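Single-structure report; data block below.
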Amino acid sequence: MTFRTPTNVIDRRQLTYTTSTAIGRFNGKKKRLRSINDIMHQVIQRHKKVNLLNTLYATCAVPGQRDTVERMASSHKAVCAFIIKQLQQVFPPEFWGSRHNYAVILEGIRKLVMMRKRETVRVPYLLRGFKVSQCTWLGSSSSGIVPSDMKVRINILSQVMHWFYQSYLIPLMRSCFHITEGSSQGNKLFYFRRDVWDQMSHSFFNQLSFRFEPVDKVHTSERHLGASPLKLIPKGDTFRTITNMKNAVLPSSGARKDNNHHLRIILTVLQFEKTQNPGILGSTVISPKDLWERLTTYKRRMKDRTSSYHFFKADIKRCFDSIEQDRLLLILEDLLQDKRYAIRWKDKETKGTLARGLPLIVYFDDWSRMSKSDKTQYWTYSGDNLLSLLKEHIKANTIKYRSKFYRQKIGIPQGSCLSSLLCSYFYACMERQYLSFIQSDREALLLRYVDDFLLITPNQETINAFATFVLNGAKDFGCEFNAQKSMSTMRIEANDSITVCTTPEFPWCGYLFHKETLDVFSDYTRYSNTGMNDLLTVNYTPTASDLIHKATQAIKLKQQLILTDPSYNCTNTLYRNAYERYLLAAVKLSVYCKELWIADGKRPLPPMYLYDVAKQIYERTYDASKSVDRDMERGLFIRAFITVFQRCPQLFSGVIDLLHDALLEIKNRHHISRMISSWPETGL
């Protein structure tokens with residue numbers, strides 16, 4: 005079951021309505037349902053007498069520590085206590101049938117509350133261990149139950165329990181709690197009491213008055229784009245604002261509209277302009293491939309350099325919220341004005357034509373020279389019309405918060421498919437105006453991923469000049485840097501408060517850069533700061549392919565050229581990167597298996613089954629480019645899985661023995677052990 009948007013207030017009528025519906029559903033169907041019908045009447049009468057707010061306040065007190073928003077959430081234990089207290093007051097004991105069945109229900113509630121974002125669960129899983137024979141309202145069981153009767157009872161029980169979870173328990177949770185994820189806790193869900201959440205979110209939104217101004221429906225009636233619902237995500241002691249552009253609403257009619265789908269034309273055009281003029285985005289790196297190309301070119305240029313490099317990284321404060329809208333529109337006008345484009349959209353009608361390799365987008369002049377049959381596959385767009393839509397998106401972006409509409413006065417919306425690319429165009433213009441001194445340093449490389457800058461150079465003067473720029477910012481671009489997130493490999497004269505990195509490797513955007521060789525590693529510190537359990541979504545009725553997919557996905561995300569290219573990284577770095585990505589896969593697999601093991605009553609998983617899963621993971625992910633020795637890579641894989649599985653011998657003892665036997669077949673196993681001991685800890 006997935007959680008939908010919770011209701012705004014506690015609605016006792018909603019809960020009473022669901023119980024009344026149950027009576028209507030079960031009434032008069034079969035004789036054996038008369039008992040449950042009587043119980044439902046009791047439920048309604050008992051529910052009317054319960055003071056829901058008193059129960060909520062007694063079990064879910066406001067936490068004393070209030071240094072972060074997430075600490076204001078009620079613990080999962082407190083939420084379970086509230087639900088249990090409510091059930092004790094509303095449902096008579098005969099509804100459960102026995103103490104054993106009641107314990108099964110309580111365990112199902114605990115599992116439901118502990119679920120993570122995007123996880124689903126079926127009612128039969130929550131009822132595992134429930135004894136049908138102990139439910140007297142399903143019929144007498146004094147003389148045993150024949151199979152056909154048992155099938156009928158199970159069917160009735162499934163309907164009743166589906167109603168209990170879907171129509172009573174879930175509405176109860178939605179009515180009393182605002183349920184949301186956090187920005188730093190992966191997929192973990194937080195439960196905020198409604199009154200607590202309303203107070204915090206209302207106070208925060210009042211502080212956003214400088215960014216948003218109220219508008220009425222009349223001013224939004226002529227818009228092409230809908231009003232996007234605003235979502236607040238807890239982040240430290242404040243909130244992160246996200247607009248749901250895919251689920252926008254037209255204020256005039258209330259119809260749903262996908263703004264991102266409407267903006268895809270502009271996204272295609274902006275990406276096309278970038279390919280036509282790669283330098284237009286300045287130091288921007290959009291993908292790992294871009295990073296690999298830039299670093300490979302730089303390292304080749306600096307191949308004769310023997311001294312170590314200096315690094316400096318900086319992060320723009322409130323990047324999306326501080327962009328000057330008028331300046332951004334001027335940049336886009338220079339780019340798109342007086343141009344025309346022809347775009348070929350993929351659909352069923354043009355499927356046969358696409359195989360002939362026609363370009364996705366071309367300038368209008370190139371399109372006009374095409375054959376008549378090819379022209380019919382394209383739609384033409386003028387730059388002026390695209391600018392008009394862009395202006396509405398940037399200057400008249402409307403959000404819906406609760407039941408009111410607001411226009412964004414400053415910055416651009418987060419959640420738009422254009423946000424990152426618009427940032428790249430905007431800050432590339434700032435670079436050309438303020439950072440020309442870096443271009444004059446032939447030994448410097450500037451990289452920027454959206455709002456995260458990284459400067460690499462052996463020259464201290466360039467580092468100090470860049471640090472001065474970071475300290476002062478660019479006021480005409482609304483750009484101010486976050487001093488707490490700035491870091492350098494040397495002491496900065498202009499600002500002593502900037503953190504100095506003393507380790508051999510410098511962190512930036514999920515990577516580690518060696519200060520002397522420029523070799524690149526993955527940065528796994530985020531996994532040590534956030535529990536791996538909170539980063540996963542678990543399917544509690546998995547197949548072997550589910551386990552293999554989870555682990556292989558983790559490995560393939562780390563098989564980027566910048567991490568596996570033998571012409572860029574040394575052999576030792578390639579081996580370390582291979583070992584660390586296998587270590588990550590093993591950790592994810594072990595956590596996933598632990599979740600299933602606990603959910604299944606700690607029944608042991610077959611060792612041979614887990615060993616076959618591990619073999620499948622390796623076969624699907626080993627480095628096919630042969631950048632490293634196959635035997636060495638297999639040894640690193642086995643060592644990584646042994647290291648992780650040894651942390652839980654109770655579950656993995658059998659498969660550990662099988663992996664040790666496989667390790668004996670590796671010729672260089674002792675050399676592998678020495679290599680691993682020389683590498684720094686990853687925190688995995």
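Read in order, the letters of the sequence shown are residues 5 to 688 in this note's numbering.
Where a beta carbon is used, it is the ideal one built from N, C-alpha and C, also for glycine.
Bear in mind that the values here come from a model prediction, so they are computed numbers and not experimental data.
Per DSSP, the bridge partner or partners of residue 471: Counting from one through the sequence shown, the residue named residue 471 turns up at place 467. Paired residues: none, contrary to the question.
Distance CB(residue 480)-CB(residue 328) smaller than 9 Å: For the purposes of this step, residue 480 is taken as residue 476 along the sequence shown, with counting starting at 1. For the purposes of this step, residue 328 is taken as residue 324 along the sequence shown, with counting starting at 1. Yes, these two residues count as a Cβ contact at 9 Å.
Coil, strand or helix - residue 141 by DSSP: Numbered from its first residue, the sequence shown carries residue 141 at position 137. Residue 141: helix per DSSP, three-state reduction.
Between the CA atoms of residue 162 and residue 128 - distance to the nearest angstrom: Mapped onto the sequence shown, residue 128 falls at position 124. Mapped onto the sequence shown, residue 162 falls at position 158. Approximately 8 Å, taken between the alpha carbons.
Residue 135 vs residue 159 beta-carbon contact at 9 Å: Residue mapping note: residue 135 aligns to position 131 of the sequence shown, counting from 1. Residue mapping note: residue 159 aligns to position 155 of the sequence shown, counting from 1. It is not a contact, given that the beta carbons lie outside the stated cut-off.
Neighbourhood of residue 314 by C-beta distance below 7 Å, restricted to the same chain and skipping five residues each side: Sequence index remark: in the sequence shown, residue 314 carries index 310 (1-based). Result list for residue 314: 461, 462, 464, 467, 493 and 494, in chain order.
Integer Cβ distance of residue 197 from residue 181, believed to fall under 8 Å: In the sequence shown, counting from the first residue as 1, residue 197 sits at position 193. In the sequence shown, counting from the first residue as 1, residue 181 sits at position 177. Your pair residue 197 and residue 181 checks out as a contact, with CB atoms roughly 6 Å apart and the cut at 8 Å.
Own chain partners of residue 215 with C-beta closer than 7 Å, once the 5 adjacent residues on each side are dropped: For this step, residue 215 is matched to residue 211 along the sequence shown. Contacts found: 325, 412, 413, 414 and 415.
Unbroken beta strand (DSSP E) run spanning residue 524, endpoints: Here the question's residue 524 lines up with position 520 in the sequence shown. 524 to 526 is the extent of the beta strand (DSSP E) around residue 524.
Backbone CA spacing between residue 399 and residue 579 [nearest angstrom]: The sequence position of residue 399 within the sequence shown is 395, counting from 1. The sequence position of residue 579 within the sequence shown is 575, counting from 1. Rounded to whole angstroms, residue 399 and residue 579 show a C-alpha spacing of 50 Å.
Alpha carbon of residue 520 to alpha carbon of residue 576, nearest angstrom: Residue numbering aside, residue 520 sits at position 516 when the sequence shown is read from its first letter. Residue numbering aside, residue 576 sits at position 572 when the sequence shown is read from its first letter. Cα to Cα, the separation comes out at about 15 Å.
When 336, 211 and 379 are compared against residue 278, the one with the closest alpha-carbon: Within the sequence shown, the letter at position 274 stands for residue 278. Of all alpha-carbon atoms in 336, 211 and 379, the one lying nearest the alpha-carbon of residue 278 is that of 336.
Residue 512 in three-state terms, based on DSSP: In the sequence shown, the residue the question calls residue 512 occupies position 508. Strand, per DSSP.
Buried versus exposed, by CB contacts within 10 Å (16 or more), residue 263: Taking the first residue of the sequence shown as 1, we reach residue 263 at position 259. Residue 263 is buried by the Cβ-count criterion.
Reference residue 606, options 554, 234 and 656, closest by Cα: Taking the first residue of the sequence shown as position 1, residue 606 is located at position 602. Closest option to residue 606, Cα to Cα, is 656.
Other residues of its chain near residue 478: CB distance less than 6 Å, five sequence neighbours each side excluded: Counting from 1 along the sequence shown, the entry for residue 478 is found at position 474. The answer, listed in chain order, is 434 and 438.
Sheet register partners of residue 404 (DSSP bridge): Residue numbering aside, residue 404 sits at position 400 when the sequence shown is read from its first letter. Residue pairing for residue 404: DSSP places it in a beta bridge opposite 233 and 409.
Segment limits, alpha helix (DSSP H) that includes residue 158: Walking along the sequence shown from the start, residue 158 turns up at place 154. Residue 158 -> alpha helix (DSSP H) spans 151 to 167.
Presumed contact (8 Å Cβ cut-off) between residue 74 and residue 238, rounded CB distance: Locating residue 74 in the sequence shown gives position 70, where the first residue counts as 1. Locating residue 238 in the sequence shown gives position 234, where the first residue counts as 1. Between residue 238 and residue 74 the Cβ distance is about 5 Å, and since that is below 8 Å, they are a contact.
At least three beta-carbon pairs within less than 8 Å, the segment 660 to 676 to the segment 607 to 617: A contact exists between the segment 660 to 676 and the segment 607 to 617.
Residue 499 versus residue 489 - alpha carbon distance: Translated into the one-based positions of the sequence shown, residue 499 becomes position 495. Translated into the one-based positions of the sequence shown, residue 489 becomes position 485. About 13 Å.
Buried/exposed call for residue 552, threshold 16 Cβ in 10 Å: Along the sequence shown, one-based indexing puts residue 552 at 548. Answer is buried; the Cβ neighbour count reaches 16.
Straight-line gap, residue 261 to residue 267 (C-alpha atoms, nearest Å): Start at 1 with the first residue of the sequence shown, and residue 261 comes out as number 257. Start at 1 with the first residue of the sequence shown, and residue 267 comes out as number 263. If I take the Cα positions, the gap works out to 11 Å.
Per DSSP, the bridge partner or partners of residue 259: Here residue 259 is taken as the residue at index 255 of the sequence shown, counted from 1. Under DSSP, residue 259 takes part in no beta bridge, so it has no partner.
Assigned secondary structure, residue 561 (DSSP; H/G/I helix, E/B strand, else coil): Here the question's residue 561 lines up with position 557 in the sequence shown. Of the three classes helix, strand and coil, the one that applies to residue 561 here is coil, per DSSP.
Contacting residues, own chain, Cβ-Cβ under 8 Å from residue 485 (five flanking each side not counted): Counting from one through the sequence shown, the residue named residue 485 turns up at place 481. Cβ contact annotation for residue 485 (same chain, cutoff 8 Å, sequence separation greater than five): 318, 319, 320, 321, 474, 475 and 477, in chain order.
contact_flag[the segment 76 to 89, the segment 241 to 253] where n(CB pairs < 8 Å) is 3 or more: The segment 76 to 89 vs the segment 241 to 253: no contact.
Host beta strand (DSSP E) of residue 301 (start-end): Taking the sequence shown and counting its residues from 1, one reaches residue 301 at position 297. According to the DSSP assignment, residue 301 belongs to no beta strand (DSSP E) but to the alpha helix (DSSP H) extending over 292 to 305.
CB contact flag (residue 680, residue 636, <9 Å): For the purposes of this step, residue 680 is identified with residue 676 of the sequence shown, where counting begins at 1. For the purposes of this step, residue 636 is identified with residue 632 of the sequence shown, where counting begins at 1. For residue 680 and residue 636, no; Cβs fall outside 9 Å.
Assigned secondary structure, residue 319 (DSSP; H/G/I helix, E/B strand, else coil): Your numbering for residue 319 matches position 315 in the sequence shown. Here residue 319 carries a strand assignment [DSSP, helix/strand/coil].
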